[in-house]
Each structure stands twice: as C-alpha cells, then as structure tokens.
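**Student:**
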Amino acid sequence: MRGLQLSVRFRLLGLCLGLFTLFGSTSLLLGYLIERNQAEQQAQQEQYRRFEIIEVVQQAINLFRHNGGELNKARLQKNPELEAQAQAALEQSHRNVDRQLDRLRQFDPASADVSGSALAQVAQYSQQVMDAMVAGKTPDPAILNELQRRLNLVETTLSAASQRERALAERIQLDARTRAAVAIQIAIGMILATAVVGTVLVLLVVRSIIYPLRITTDAIRQVNAGQTEIDLPPISGDEFGQMALALRQFRDGAERLRRLAYQDPLTGLGNRAQLNESIEAGLAAGGGEQLRTALLYLDLDNFRSINDRLGHKAGDAYLCEAATRLRRFLPDGVELCRYGGDKFIAILEDEGDAAATNLRLREVADCVLRGMAEPHRLGNHLLHMSVSIGVAVSPGDGATAEHLISSAEAAGHAAKRSGRNNARFAAGQLSGRLRRETALAGEIQRGLEQREFEVFYQPIVDVALRCVAGAEALVRWRHPERGLLLPGEFIEVAENEGLINALGERCLRIAHAQLRQWREAGLVLRVAVNLSARQLQDGKILNVLRGLRDEDAGAASMIDLELTESVLFDSSDSTRKTLDEIKRCGYRLGMDDFGTGYSSFSYLRRLPIDKIKIDRQFVADMGTSRQAEAIVSAMLALASKLELEIVAEGVETPLQLRLLQAGGCHLQQGYLFSAALPAGEFAAWAASYLEEQALLKV
Ligand code: C2E
Ligand code: CA
Ligand code: CA
655 MRGLQLSVRF RLLGLCLGLF TLFGSTSLLL GYLIERNQAE QQAQQEQYRR
705 FEIIEVVQQA INLFRHNGGE LNKARLQKNP ELEAQAQAAL EQSHRNVDRQ
755 LDRLRQFDPA SADVSGSALA QVAQYSQQVM DAMVAGKTPD PAILNELQRR
805 LNLVETTLSA ASQRERALAE RIQLDARTRA AVAIQIAIGM ILATAVVGTV
855 LVLLVVRSII YPLRITTDAI RQVNAGQTEI DLPPISGDEF GQMALALRQF
905 RDGAERLRRL AYQDPLTGLG NRAQLNESIE AGLAAGGGEQ LRTALLYLDL
955 DNFRSINDRL GHKAGDAYLC EAATRLRRFL PDGVELCRYG GDKFIAILED
1005 EGDAAATNLR LREVADCVLR GMAEPHRLGN HLLHMSVSIG VAVSPGDGAT
1055 AEHLISSAEA AGHAAKRSGR NNARFAAGQL SGRLRRETAL AGEIQRGLEQ
1105 REFEVFYQPI VDVALRCVAG AEALVRWRHP ERGLLLPGEF IEVAENEGLI
1155 NALGERCLRI AHAQLRQWRE AGLVLRVAVN LSARQLQDGK ILNVLRGLRD
1205 EDAGAASMID LELTESVLFD SSDSTRKTLD EIKRCGYRLG MDDFGTGYSS
1255 FSYLRRLPID KIKIDRQFVA DMGTSRQAEA IVSAMLALAS KLELEIVAEG
1305 VETPLQLRLL QAGGCHLQQG YLFSAALPAG EFAAWAASYL EEQALLKV
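Residue numbers 655 to 1352, in our numbering, belong to the letters of the sequence shown in order.
1. Sort L812, V808, Q781 by Cα distance to I797 and report the nearest one.
2. Nearest to R665 by alpha carbon, out of V860, A1207, D955, T870?
3. Quick one: is the Cβ of V1267 within less than 8 Å of any heavy atom of ligand 3?
4. Following the continuous beta strand (DSSP E) through G994, name the residue where it begins and the one where it ends.
5. Under the DSSP definition of a beta bridge, which residues are partnered with S1042?
6. Kindly examine ligand 1 and report whether one of its heavy atoms sits closer than 8 Å to the Cβ of E1303.
7. For I1098 versus L1162, is the C-beta distance shorter than 9 Å?
8. G1193 by DSSP, collapsed to three states: which one?
9. Can you determine whether any heavy atom of ligand 3 sits closer than 8 Å to the C-beta of D1264, and answer yes or no?
10. Just tell me which of R1120, Q1171, G1158 has its CA closest to the CA of Q1323.
11. Where does M655 fall in DSSP's three states?
12. The beta strand (DSSP E) with G1124 in it runs from where to where?
13. Am I right that N716 and L744 are in contact with their C-beta atoms under 8 Å? What's the rounded C-beta distance?
14. DSSP beta-bridge partners for G759?
15. What are the partner residues of N1184, as DSSP defines its beta bridges?
16. Skipping 5 residues on each side, what residues in its chain have a beta carbon closer than 7 Å to that of H748?
17. Ligand 3 and D1214: does any heavy atom of the ligand fall closer than 8 Å to the residue's C-beta?
18. Any heavy atom of ligand 3 closer than 8 Å to the beta-carbon of R1163?
19. Check the DSSP bridge columns for H1030 and list the partner residues they point to.
20. Between E724, P734, Y1343, G668, which has its C-alpha nearest D1116's C-alpha?
21. Pull up the distance between the alpha-carbon of V1183 and that of L867, whole angstroms please.
22. Is it the case that the CB of R910 approaches a heavy atom of ligand 3 more closely than 8 Å?
23. Alpha carbons only, please: which of P919, M1289, K997 is nearest the one belonging to E1297?
24. For ligand 1, is there a heavy atom less than 8 Å away from the beta-carbon of R926?
25. Can you tell me whether I889 is helix, strand or coil according to DSSP?
26. For my contact list, G1158 and Q1189 are in at a C-beta cut-off of 8 Å; report their separation, rounded to the angstrom.
27. Three-state secondary structure (DSSP) at P1332?
28. If you reduce the DSSP assignment to three classes, tell me which class Q881 lands in.
29. Just to check my reading of the structure: H1030 and L1037 have Cβ atoms closer than 8 Å, yes? What is that Cβ distance to the nearest angstrom?
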C-alpha cells in the first residue's frame, strides 16, 4: 500500500467502492437465490394442484358410476319418479366428469381424451346392458366384458397419470431441497468471503494511514524533545508527503529556535543557557568523584577600554577574535560558551586523581594565556590581548552548575585583582563560602519574618535652591546579635538565594508608608528606592507597585525607582515591557551608578528613563582627575540635552560640590550633607539644614 502512493482521499474512496461492490454483489446473489427458491416452490405447488385434479377426476368418475348404478336400480324397480331423480343426478355427475376432464386436459390431454372416450363407451355399454336387463334378458357377456375393459382402462389411465404427476412432484421437491442446500452454502461462502476480503481491505487502507501517522508523531515527539537528528518520513506524493514536508520545516524551525535560544549570535558559541545545560549534563554524567567537571572562567582584560576607545563595532570584532583564539588554544573537545560581555567559560571533563587534573588544567590555562598574548591587529591598531582565568573543579568547588560557575567567577576575580593575565584556582574555598551563604540566607529569611529590616534615608539636596529635594531609601538590617548591618553584607546573598523580592517589597512598602507620613506632616519629598535586577525579572513587582499606587497614588508618584545597568545588560522585550508598565503606574525610573556600564548611553535612548545618577566613583575622582571631570561634564551635557534629571552621589567635599554645581548639577547626595538617617531623625535633619542654609543666605 505504501508503494501505491495513492492520495489518502482516493484510498478511502477506493475502500468505500470496494466494500460497496463486495456487499452489493453478495446481496444480488442472495436475492437471486431467494427468488429461484420461490419459483421452485411455485412449481411444486402447481404439481400438487395437478395431482389433486386427477384425484378429483377419479372421485367424479366414481360418483358418476355410482349414479349410473342408482339409475339402473330405479329402472329395475320400475319406479319412474326415482328413475327421473337418478337420471338427473347421473346427468349432473356426467357434466361434472366432463368439467374435471377439461381441467385434466389442460396439462394431460392424452389421459383426459382416453378417459373421456372410454367413459363414453362405458355409458353406451351400460345402456345396452340395462336395456337387456329391463327387457328381462341376460346381458350379452361380450358387452359386459367390453364394459369392464373400458372401466379398467379409465382406472389405469388415471392412476398412471396420478403416479406420473406424483413422481414429478417428488422430483421437483428433491431438486429444490438439494438446490436450497447448495444455495445456503454459496450464501455462507459469499458472506464469509466478503467479510474476509472487506477486513483485509480495511486493514490495508488503515495501515497505510496509521503507519505514516505513527512515524510522523514519533518524529514530532523527537523534535519536541530537542533532537534534530531524527528519522523523517519520506516525502511521497500523497497527503503524508505534504505532512512530511511540513514536518521537515517544523524540524528546521525548531532547530533554528534552539540555535537562537542556545547560541550567542555574535560569536556563535553557546550562550548561558547552553552553558548551564552542558555543565549540568557533565555533572550528571560524572556522578561524583570519578569524572570531574572543570570550568575555566575566562575574563578578557581591558575589554572595556577597547570598547570605549574604538567603539562597539571594534569591540565586537575583538570579542570574535578572542573567541576564535580561545577555541584554538583550548584542547579539542572542550566546550566553550560565552558567559556574557567579555566573559567566556570553557567546560572540561577529566578522570584520574585530583592532582593530575589540576596539573592538566594548569597546562591548559598556561597554553591559553600564552596563545592570547600574541598581538592582534584591529584596523590600524595593534592590540595586546590578555585574559584572567579562574578555575573551578567539581565537586570540591561546587556540585551544581550555579555553584561551580560562581567558584570559577570568584577565582577569576581573584586573578584580575592580582594583576590580570594569570590563572587562579578556586581551591575548594567555595564549600566554606557556600555554607556561610546558606546560613546567611536562613538568617535573612528569619529577619524578614521578625521585621528586622529597616529603611534609612539619605538626603538629596538641591544646592542651588538650598533645600532638601528628596532622599534615597537604603535598607539596613538591625541584626539581634551583629548590630546594624549595611546592604553590602546581605544584598548579594538575598539576590542569589531568591530573597531579594521579599526584601525589596518590604523596603518599597516602608518607603511608601513613610512618604505618606511625611506628606501629612507637611514635608514634601521625592524618595528614591533601589530595585534589583531579579525583582524586575520576576513579574510580581508589578503587582506590588500597582497595589501601592491603588493605595495612595500621590505617594507612589513621588517614588523614583533606581535601576543599575546590570539590569539592562540583558535587556529583553519583557524587561522593556515591565519598565513601560511601571512608568504607566506613575513611578519615575532612574539609572543608578551611571557611567560604570559598557553602553550607558545606548540604554538612555532605548529605555523610558527620567533620571540618571552619576556614579560616586566619578565624583570621588573630581578635583584630582581631569578625565573624570571631563566624563562628568559630558554626562551633564547629555542629561540636559535629553532633558533628564541628574543627581550626583558620593559628594564628600565642598570642592566636589562646587565643581558639580558649576557644571549645572544641583541635585547632590553624599556624606558632605549627611549619611543615611533613620526615618525618625530625617525631619529634624532637614529642618536644621534649611535653617543653616537660611543663615548662609543672609
Ligand atoms: P547605591 O544605590 O549606589 O547607594 C548608595 C550607597 O552609597 C549607599 O550605601 C550610601 O550609604 C553610600 N554613600 C552615600 N553617600 C556616600 C558618600 O559620600 N561616599 C561614599 N563612599 N558612599 C556614600 P549603602 O547604603 O551601603 O548601599 C549600598 C548599595 O546597596 C546601594 O548602592 C544599593 O545598590 C544597595 N541597596 C541599598 N538598599 C537597597 C534596597 O532597598 N534594595 C536593593 N535592591 N538594593 C539596595
Ligand atoms: Ca541607589
Ligand atoms: Ca549608586
């Protein structure tokens, strides 16, 4: 059937036609057999009718003879009345005999004729005998003899006819019976044959449909399971061929999507998703000690300066060249992924004892360090590449992808700190760190339940108007044993352990409530609240923000949400949508630590930002570094062009204040004015600041 390649439509049509023909011809045959059987029954009935007619003839003759005898008796008694009666009866029975003979004549004229003429002669001889007897004479024995002969003739003729008809009837009956038996056999045979042929036909057609459906379903399942090397059904000329074609397109589409989801478009290397999957697969295959998974965290040195100096295009080319080199200097079979920005991670698998593995990893790292050191020509520039490497090996440095990566990353940072262009091993410090982090996460959880987190407010002043313009809400942890803790001691762990959402929500609610309280007390301020990247990725923040707006839209409109550029590095459509939605709720968005990311300026164009905050590093360098001052004045120019509010943070000296003010940056925050204060102290500080400024003005 598969070879036939009839379209499914035609196959089904053919099946219907076949079944119709089969059942039709069987019905026709059965009809014919039934009809023939009926005809035979009719013939049989006819035969019995003839048989009856002969019997009736015989009875009529007997009656006729009886009446003849009665007439003779009456004549001998010479009773005219009786004679007349007998005569009438005789004539009537004679007519009856004639009538019955006529019926017999219709199918056996010979017997009818012979009997008729013999009877006529019998009547004639009877008359003569009677006449003699009436005359008192003895009847002529010759006549009596003739009379008897004729009577015998009638009897034998009729009984012969009767026997003939009976024999015929019996034969017809016998024939009918045998034929009926044969007909039943034929009918059963036909029905069985129809059933068998019909079933085979149905099975063949169904198989020809089910088989390709099954292959197709299997193939779709394989594609869904992420396999792309699959057995595809052949492209035939029927509907299944069309399906196979569509399936091929589906497979190609799925493969493309997979590539998009797992491949870094710039370098063609696996992306973070691929990296995680590969590490997890390696760890699962290792199953503990025998097969170790090692990561080389490869962080390019000085990439940021190349990007800033030569532009994005050159930066991209530089990254591609770095990827090519890394691949070239890593051993064959080692998987290399782009971890993000200028960071790559290579995954190695190794067996044997730990010391041998470390030795081998050291060799690989040295080979990469040497290989990367060759100068690279980019346009007119001759660039020196170098990389800082962090090495982590399972299970000592982590038993999950996340922990292994974070160990390698920490080792990489250590390599960077110790002068770049070298490799550092994580050396199992993770387990200790991991333990501490897990314990801290538990503490944070408890702290949230016990309401140990507070919000402090650092004033933001307007140095031109000499007033307090707002405050930044900064979280503090009033730890029962360790005292007041700064965010640096717990924010990162809260982020890594999935607690930042709850913590961030708590701070937002506190700040919102504080804003209402101040407003009621006549203190009108804007409050900046920090939002972490994780909070944005999780859509729940939107519900919280909407809830606060519904509670008090006036207070919500006074909140600025500060994001860092790390939030925006992976800026996806969904981040962008969340930001738009936040803005629609009436909140303002600010970019924190402005200038520390790679492409601060491009985000400004793409995202709905109202405010930028110059990173305190630039402010700190003002007065000592011309470069920092140049960057700050560029930022100020940009902000004024784009009509963005600009705030400087980390203002510590009057010189910084003046330089910033001279550049047009009036909103300032820093220890020069005040550190972050508990809410209760803020109003008093604000009042004393205003007083002080009023005195200065005088
Ligand atoms: P940030 O947003 O850049 O906050 C400013 C940090 O600079 C604060 O540190 C503040 O105390 C400090 N600072 C203020 N003035 C000066 C100054 O003149 N000189 C110097 N050197 N530093 C100054 P803090 O409070 O330790 O906060 C550290 C970081 O923790 C914040 O950096 C922010 O990223 C994060 N953070 C604080 N509160 C929250 C929060 O509620 N949620 C989230 N997600 N992150 C928060
Ligand atoms: Ca901030
Ligand atoms: Ca900041």
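Note that beta-carbon positions come from the ideal geometry of N, C-alpha and C, so glycine has one too.
**Tutor:** Judging by the given coordinates:
1. Locating residue 797 in the sequence shown gives position 143, counting from the first residue. For the options L812, V808, Q781, the alpha carbon positioned closest to that of I797 is the one of Q781.
2. On the sequence shown, residue 665 is found 11 positions in, with the first residue counted as 1. R665 has its Cα closest to that of V860, out of V860, A1207, D955, T870.
3. For the purposes of this step, residue 1267 is identified with residue 613 of the sequence shown, where counting begins at 1. It should be pointed out that residue 1267 corresponds to Lys in this sequence rather than to Val. K1267: yes, Cβ under 8 Å from ligand 3.
4. Within the sequence shown, numbered from 1, the residue matching residue 994 stands at position 340. Residues 989-994.
5. As a first step, residue 1042 is located in the sequence shown; it is residue number 388 there, counting from the start. Checking the DSSP bridge columns, you'll see S1042 partnered with D953.
6. Position 649 of the sequence shown, counted from the start, is the residue given in the question as residue 1303. E1303: yes, Cβ under 8 Å from ligand 1.
7. Taking the sequence shown and counting its residues from 1, one reaches residue 1098 at position 444. Taking the sequence shown and counting its residues from 1, one reaches residue 1162 at position 508. Pairing I1098 with L1162 gives a Cβ-Cβ distance that is not under 9 Å.
8. For the purposes of this step, residue 1193 is taken as the residue at position 539 of the sequence shown. In the structure shown, G1193 sits in coil (DSSP, three-state: anything other than H, G, I, E or B).
9. The residue given as residue 1264 occupies position 610 in the sequence shown. Not so, every heavy atom of ligand 3 lies at least 8 Å from the Cβ.
10. Within the sequence shown, numbered from 1, the residue matching residue 1323 stands at position 669. Nearest option by C-alpha distance: R1120.
11. As a working note, residue 655 is residue 1 in the sequence shown. Confidence is the limiting factor: at M655 the pLDDT is only 42, short of 50, which leaves the residue's position unreliable, though a coordinate-based value still follows. Looking at M655 - three-state DSSP - the assignment turns out to be coil, as it is neither helix nor strand.
12. Reading the sequence shown from its first residue, position 470 is the one you call residue 1124. In the DSSP assignment, G1124 falls within the beta strand (DSSP E) that extends over 1121-1133.
13. Within the sequence shown, residue 716 is the residue found at index 62, counting from 1. Within the sequence shown, residue 744 is the residue found at index 90, counting from 1. At roughly 13 Å, the Cβ-Cβ gap does not stay under 8 Å, so N716 and L744 are not in contact.
14. For the purposes of this step, residue 759 is taken as the residue at position 105 of the sequence shown. Before going on, a small fix: residue 759 reads as Arg here, not Gly. Beta-bridge partners assigned by DSSP to R759: none are found.
15. Position 530 of the sequence shown, counting from 1, holds the residue named residue 1184. Bridge partners of N1184: E1216.
16. Counted from its first residue, the sequence shown places residue 748 at position 94. F718.
17. Counting from one through the sequence shown, the residue named residue 1214 turns up at place 560. No, the Cβ of D1214 stays beyond 8 Å of every heavy atom of ligand 3.
18. Along the sequence shown, one-based indexing puts residue 1163 at 509. Because no heavy atom of ligand 3 lies under 8 Å away, the Cβ of R1163 does not count as near it: no.
19. Here residue 1030 refers to the residue found at position 376 when the sequence shown is read from its first residue. For H1030, the beta-bridge partners assigned by DSSP are L1037.
20. As a working mapping, residue 1116 is identified with position 462 in the sequence shown. Closest option to D1116, Cα to Cα, is Y1343.
21. By one-based count along the sequence shown, residue 1183 stands at place 529. By one-based count along the sequence shown, residue 867 stands at place 213. Put simply, the backbone Cα of V1183 is about 58 Å away from that of L867.
22. As a position in the sequence shown, residue 910 is number 256, starting the count at 1. Within the chosen limit of 8 Å, ligand 3 does not reach the beta carbon of R910 with any heavy atom.
23. For the purposes of this step, residue 1297 is taken as residue 643 along the sequence shown, with counting starting at 1. If we check each option's Cα against that of E1297, M1289 comes out closest.
24. Position 272 of the sequence shown, counted from the first residue, corresponds to residue 926. Checking the Cβ of R926 against ligand 1 gives no.
25. The residue you call residue 889 lines up with position 235 of the sequence shown. Three-state DSSP puts I889 in coil, outside helix and strand.
26. In the sequence shown, residue 1158 corresponds to position 504, counting from 1. In the sequence shown, residue 1189 corresponds to position 535, counting from 1. The Cβ separation is near 5 Å, so the contact holds.
27. In the sequence shown, the residue the question calls residue 1332 occupies position 678. Strand, per DSSP.
28. In the sequence shown, the residue the question calls residue 881 occupies position 227. Correct three-state label for Q881: coil.
29. Counted from its first residue, the sequence shown places residue 1030 at position 376. Counted from its first residue, the sequence shown places residue 1037 at position 383. That belief holds up - the Cβ atoms of H1030 and L1037 are roughly 5 Å apart, short of 8 Å.
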